[in-house]
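When you line the sequence shown up against my numbering, it's residues 10 to 509, in that order.
Step one of this worksheet: look at the structure below.
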Amino acid sequence: MQNTLKSICIVGGGTAGWMAATLLSTSLRGSNIKITVVESPDIETIGVGESTVPSIMDFIHACQIDLKEFIQATSASFKLGIRFDDWLKPEASYFHPFGKVGKDINGFDFYQAWLKSIADGNNTRWLDHSPSAIMAEHERFMLRPHQSQNWVLSSYAHALHLDAVQVARYLRTLCQKRGVVRVEATVKKVNLDSKDFINSLDLDDDTQVSSDFFIDCTGFKGLLIDNALKVEFESWSHYLPCNRAATVQTAQVNKPVPYTIAKSLAAGWSWKIPLQHRTGNGYVFSSQFCSDDQALATLVSNVDGKILNEPRIIPFVTGKRKKVWHNNCLALGLAGGFLEPLESTAIHLVYKTLVHFIKHFPDGDFDTGNEQAFNAKIDTDYLEIRDFIILHYCTSGRDDTDFWQWCKNMPIPESLHEKIRQFRKRGQLEHTPGQFFTSDSWCSIFEGMNIRPQKYHPLINGFHSQDLANTLSENIKNIRTTVLQMPNHFDYIQSHCKAR
Ligand SMILES: Cc1cc2nc3c(=O)[nH]c(=O)nc-3n(C[C@H](O)[C@H](O)[C@H](O)COP(=O)(O)OP(=O)(O)OC[C@H]3O[C@@H](n4cnc5c(N)ncnc54)[C@H](O)[C@@H]3O)c2cc1C
């Protein structure tokens, strides 16, 4: 008889805790595994984490959530990518779009064909071939129509900007309807058995919760994974020096745009995340180069609308647990690790970790090989995203402040060094299955930072130059014409999914 788990206890009621409860209550339906969430009424959630990547749509779909209802409940707007201001040099912007850029030609990466067309003297922008970038440029949006396989814009992708507090609230209500048990209490003590497995938790209402498996979603403190199980944290601050964020919310002054804005500043960068009802703003900085007071003053002087809450400072460390899964505990969300928010990947990593966890779902024997295989997958996910984020810093054209000088001279991981070397040679980027950032994403950053390969793939020379030029200009025309027929992003929200 197989020894199956009977209960899972999730500790923490932030985005990670409620995402875990929602996905598990959907995936484990019919298994009779009891899911409990313990959330403290006294310890606040982090309250930021409002920009996402397209996998949020997979999460919504996998959890059988009604998209319109979710958008309305979380005051969400749509996101087609990130606009990077001043990273290459002052007044220069570039865009990192979601979805595909161009269509592969005769089995070759579109980027290679585009490089040839540039070498032939054609002057099209790389992003003219990205439906998401053109939609963002014109602030247009609509959800994909049904039967859209042959649609000119079929390769666009989008994510959401969401109100983090409303997300946790929405998912909590949904989970409770789906039978998840919610316990409102603070965990005082974590009880381990002789094999270093968690037995039970002592709560501040003098009750105890026992469970077969625990998911630590207690945020940066990692109450279970760190305090109790002593799983080490590996810091990557030698590659990613930002370690604090000043944050504030402001009233909406203009129609929300369908993209996040990330602007480089003297000691880091700032974000603007436009929701339906307000904008989230933050200045991510390094305490080695900027004080909290300086960061708060810079943040406040860079925002547009009326300030709605008390600006605050959030300290963080970039890195991850050496093992995200240890014995009968999974560390999820900030308890498991954090890569600074430049590419808005933390919520994605929560979802991805849960997907891997469901694939490797343990039975009561807790096979260590299964745990190791899972941890290896998470390591790969983190390292890939880490390198992609470092790319933004190490290729920036800025050297006008001590922070940017530091970034110019910092060491970079060998894996990234090799990727940049390969790209510079002839624009080739290896893509491994499951990798989140596609070669289009990498090319968008390289292109934005004015880094072009010396050569292109030799077989592309077989393409007929005029035919290629005609195909490209036809594609650009089709994308633009279709985009211009779409509604304005905000008007679309107002008429289809306005916040309640
Ligand atoms: C500056 C900054 C900007 C970010 N921006 C983005 C972004 O744009 N996009 C993105 O995807 N992610 C972003 N993130 C990450 C994102 O905020 C988190 O991944 C996400 O909110 C998940 O947080 P969490 O649930 O792990 O932790 P938290 O929100 O901190 O929740 C912790 C929970 O644990 C509970 N808890 C703690 N101790 C106890 C206890 N003893 N007993 C019971 N309960 C307890 C608390 O009450 C709370 O409910 C950002 C993070 C930071 C720091």
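By construction, the Cβ of each residue, glycine as well, lies at the ideal position given by its N, Cα and C atoms.
Whether K428 touches D390 by CB criterion (8 Å): Not closer than 8 Å, so no.
Proximity of T256 and I356 at Cβ, strictly below 8 Å: Note that the C-beta distance between T256 and I356 is not below 8 Å.
Burial state of L317 (16 or more Cβ within 10 Å): Of the other Cβ atoms in all chains shown, fewer than 16 fall within 10 Å of the Cβ of L317; this residue is therefore exposed.
N-terminal and C-terminal residue of the beta strand (DSSP E) that I69 is part of: That residue, I69, is in no beta strand (DSSP E); its alpha helix (DSSP H) goes 64-71.
Separation of H426 from Q437, as counted between CA atoms: Roughly 14 Å between the two C-alpha positions.
Span of the beta strand (DSSP E) around W280: Unbroken beta strand (DSSP E) run through W280: 277-283.
Presumed contact (8 Å Cβ cut-off) between M28 and L183, rounded CB distance: With a Cβ gap of about 11 Å, M28 and L183 do not count as contacting.
Nearest-angstrom Cα separation, counted from P462 out to V333: When rounded, the distance between both Cα atoms is 37 Å.
Presumed contact (8 Å Cβ cut-off) between A194 and S49, rounded CB distance: With a Cβ gap of about 7 Å, A194 and S49 count as contacting.
Any non-hydrogen atom of ligand 1 closer than 7 Å to S60 Cβ: S60: yes, Cβ under 7 Å from ligand 1.
S139 in three-state terms, based on DSSP: In the three-state DSSP reduction, S139 falls in the coil class, being neither helix nor strand.
Own chain partners of I114 with C-beta closer than 6 Å, once the 5 adjacent residues on each side are dropped: Apart from sequence neighbours up to five positions away, the residues of its chain that approach I114 with a beta-carbon distance below 6 Å are A122, ordered along the chain.
Straight-line Cα distance separating K329 from L348: Taking the straight line joining both Cα atoms gives about 8 Å.
Closest residue to T227 among I367, G21, S86 (Cα-Cα distance): Checking every option, the nearest Cα to that of T227 belongs to G21.
Counted within 10 angstroms of its Cβ, other Cβ atoms place L358 as buried (16 or more) or exposed: With 16 or more other CB atoms across the displayed protein chains lying within 10 angstroms of its CB, L358 is buried.
Heavy atom of ligand 1 within 7 Å of I90 beta-carbon: Here the sequence assigns Gly to residue 90, which means Ile is not the residue at that position. Flag unset: Cβ of G90 not near ligand 1.
Residues near A125 by beta carbon distance below 8 Å, same chain, minus five either side: Reading the sequence as shown, one finds Lys at residue 125 and not Ala. Cβ neighbours of K125 within its own chain (closer than 8 Å, five residues either side excluded): Y465, I469, N470, F472, S474, L477.
Candidates S209, K507, G130, of which the one nearest N337 by Cα: Nearest C-alpha to N337: S209.
Spatial distance of D221 from F370 (CA atoms): Near 12 Å, if we compare the C-alpha coordinates of F370 and D221.
CB contact flag (T327, L400, <8 Å): Going by C-beta atoms, T327 is not nearer than 8 Å to L400.
Any non-hydrogen atom of ligand 1 closer than 7 Å to C506 Cβ: No, since every heavy atom of ligand 1 falls outside the 7 Å radius drawn around the Cβ of C506.
Check: C18 C-beta below 7 Å from any heavy atom of ligand 1: Flag unset: Cβ of C18 not near ligand 1.
Cut-off 7 Å between Cβ atoms - residues of its own chain near S102, not counting five sequence neighbours on either side: Result list for S102: R92, F93, D94, in chain order.
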